[in-house]
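Read through the structure below, which is laid out as structure tokens, and then see the notes.
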Amino acid sequence: EAGVTQSPTHLIKTRGQQVTLRCSPISGHTSVYWYQQALGLGLQFLLWYDEGEERNRGNFPPRFSGRQFPNYSSELNVNALELEDSALYLCASSLLLGTGELFFGEGSRLTVL
Amino acid sequence: AQRVTQPEKLLSVFKGAPVELKCNYSYSGSPELFWYVQYSRQRLQLLLRHISRESIKGFTADLNKGETSFHLKKPFAQEEDSAMYYCARIVDNQGGKLIFGQGTELSVKP
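Chains as they are written, first to last, in our numbering: chain A, 2 to 114; chain B, 815 to 924.
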């Protein structure tokens, strides 16, 4: 069974640019979570989608947004990039709502110069 | 705000020694707590959950409501236990939102 896949694995952007990160959940999983893992800050909850709808949002500015498609894949968009957006962005999927059992991808490493 | 706190960034022990990774949570009536682990060059993965009361790879974690803690323990550490460990909880009344502590790096020396 294929795990959660994320793309791209690495990317470099400059301040003010926009970026789109992509995530494909495990087949059959309807929930997708996004986390930001900046250096020394642990995993910060960004967004949670289930069945195509945004279920919850972390304490991030509106320039962080996303969506979930009918096939349950998801995108995370970050506009007007700032230096502190440099981080590993992790996507996770879950089969059952609210169980706490998440399956993580390997992440997309974003560097903002 | 509901939180998970892991006070130690790094814990270093020798092989065969007991290990305890600390996790404290902000007050909640019935918290659902988890430990996740990330081995070198592997994905973050679920290690155990308190509701299962299971032992995985020799690790156990007991929920102590009085101390609002969920420490992860293993009586005899092995080198292959070296990894990043994250404590996590489901946030009350938010349908399944999972938040994580800052993580503790466990280093088991030979």
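All C-beta atoms, glycine included, are put in the ideal place defined by N, C-alpha and C.
{"query": "R817/B at chain A interface by Cβ criterion, 8 angstroms", "result": "no"}
{"query": "Buried or exposed by the 16-neighbour rule on C-beta atoms within 10 Å, applied to R817/B", "result": "exposed"}
{"query": "Nearest residue (CA-CA) to P845/B, options K871/B, T882/B, Q820/B and R857/B", "result": "T882/B"}
{"query": "Alpha-carbon spacing of A875/B relative to T918/B, whole angstroms", "result": "15 angstroms"}
{"query": "Cβ of L77/A within 8 angstroms of any chain B Cβ", "result": "no"}
{"query": "F46/A at chain B interface by Cβ criterion, 8 angstroms", "result": "yes"}
{"query": "Beta-carbon proximity list for K888/B, same chain, < 6 angstroms, skipping 5 on both sides", "result": "V833, G872 and F873"}
{"query": "Exposure label - Y90/A; buried when at least 16 CB within 10 Å", "result": "buried"}
{"query": "Interfacial residues, the region 48-73 of chain A to chain B, with Cβ spacing under 7 angstroms", "result": "W49, R56 and N57"}
{"query": "Bounding residues of the beta strand (DSSP E) (the contiguous stretch that carries N57/A)", "result": "E54 to R58"}
{"query": "Proximity of G67/A and L77/A at Cβ, strictly below 8 angstroms", "result": "yes"}
{"query": "Cβ of I913/B within 8 angstroms of any chain A Cβ", "result": "yes"}
{"query": "Proximal chain A residues relative to R919/B, where beta-carbon distance stays under 8 angstroms", "result": "First, the amino acid is wrong: residue 919/B is Glu here, not Arg. Going along chain A, no residue has its Cβ under 8 angstroms from E919/B, so there is no contact; the nearest lies around 12 angstroms."}
{"query": "For R23/A, the first and last residue of its enclosing beta strand (DSSP E)", "result": "V20 to S25"}
{"query": "8 angstroms Cβ cutoff, G843/B in contact with chain A", "result": "no"}
{"query": "Distance CB(R34/A)-CB(L920/B) smaller than 8 angstroms", "result": "Note that residue 34/A is Tyr in the sequence shown here, rather than Arg. Not closer than 8 angstroms, so no."}
{"query": "Closer than 7 angstroms: L912/B CB and nearest the ligand NAP heavy atom", "result": "Although the ligand NAP was asked about, the structure shown includes no ligands whatsoever."}
{"query": "Within-8 angstroms CB hit, G830/B to chain A", "result": "no"}
{"query": "Pairwise C-alpha distance: F848/B and N57/A", "result": "20 angstroms"}
{"query": "Environment of Y73/A [buried if 16+ CB atoms lie within 10 Å]", "result": "buried"}
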